[in-house]
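Q:
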Amino acid sequence: MSKIKIIYGHDTLCGWCFGFTPTLDAFAAAHPDVDIDVVPGGLVKGERVGSYADMADYIAQAEVDMTRVTGRAIGQPFRDMLHCEDAPLSISAPPAMPSFK
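If you use the working numbering, the sequence shown corresponds to residues 56 to 156, in order.
1) Mind checking which residues open and close the alpha helix (DSSP H) that includes Gly70?
2) Using only the alpha-carbon positions, how far apart do Arg123 and Gly70 sit?
3) Can Ser145 and Ser106 be called in contact, C-beta distance under 8 Å?
4) Can you check whether the CB of Asp141 is closer than 8 Å to the CB of Gly97?
5) What whole-angstrom Cβ distance do Ala108 and Leu137 have, given they're in contact under 8 Å?
6) Relative to the C-alpha of Phe133, which residue among Gly64, Leu68, Ile61 is closest?
7) Less than 6 Å between C-beta atoms, sequence neighbours within five positions excluded: which residues of the same chain meet that for Thr125?
8) Determine the contact status of Asp127 and Pro77, defining contact as a CB-CB distance below 8 Å.
9) Can you name the start and end residues of the beta strand (DSSP E) that Pro95 belongs to?
10) Let me know the secondary structure DSSP gives Gly105 once reduced to three states.
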């Protein structure tokens with residue numbers, strides 16, 4: 056019988072992926088016989104790329120459901136960054152690139 060392998064595609068900028076991390080960690084601890092490959096991808100690309108400040112309202116609204124479902128909340132430093140005039144660009148490609156080297 057072949058060993059079970061899970062390939063988990065995620066986006067390092069995705070709040071839902073952030074919220075799912077403890078579940079994946081608990082699964083891995085409970086099933087050490089299962090291989091898990093974590094593959095970063097990108098949901099924020101093309102026309103969706105923009106300043107985090109431009110996404111602040113969307114993120115605040117999405118966080119309510121994410122926290123309710125996953126039990127994880129966004130930290131205050133991240134919230135503070137959302138409201139900075141020089142908030143960084145939200146783009147998924149750079150965090151995902153190390154997996155392709």
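Using N, Cα and C, we set each Cβ at its ideal position, and we do this for glycine too.
A: On the basis of the coordinates in this document:
1) Reading the sequence shown from its first residue, position 15 is the one you call residue 70. Residues 70-85.
2) In the sequence shown, the residue the question calls residue 123 occupies position 68. In the sequence shown, the residue the question calls residue 70 occupies position 15. It is roughly 12 Å from the alpha-carbon of Arg123 to the alpha-carbon of Gly70.
3) On the sequence shown, residue 145 is found 90 positions in, with the first residue counted as 1. On the sequence shown, residue 106 is found 51 positions in, with the first residue counted as 1. Yes, the Cβ-Cβ distance between Ser145 and Ser106 is below 8 Å.
4) By one-based count along the sequence shown, residue 97 stands at place 42. By one-based count along the sequence shown, residue 141 stands at place 86. No, the pair does not count as a contact, with Cβ atoms beyond the cut-off.
5) Along the sequence shown, one-based indexing puts residue 108 at 53. Along the sequence shown, one-based indexing puts residue 137 at 82. About 6 Å; that satisfies the 8 Å criterion.
6) Position 78 of the sequence shown, counting from 1, holds the residue named residue 133. Looking at Gly64, Leu68, Ile61, the one whose alpha-carbon comes closest to that of Phe133 is Leu68.
7) The sequence position of residue 125 within the sequence shown is 70, counting from 1. The answer, listed in chain order, is Gly74.
8) The count along the sequence shown starts at 1 and reaches residue 127 at position 72. The count along the sequence shown starts at 1 and reaches residue 77 at position 22. In the sequence as displayed, the identity of residue 127 is Arg instead of Asp. Yes. Within cutoff.
9) Walking along the sequence shown from the start, residue 95 turns up at place 40. For Pro95, the uninterrupted beta strand (DSSP E) segment begins and ends at 90-95.
10) As a position in the sequence shown, residue 105 is number 50, starting the count at 1. Gly105 falls in the strand class under three-state DSSP.
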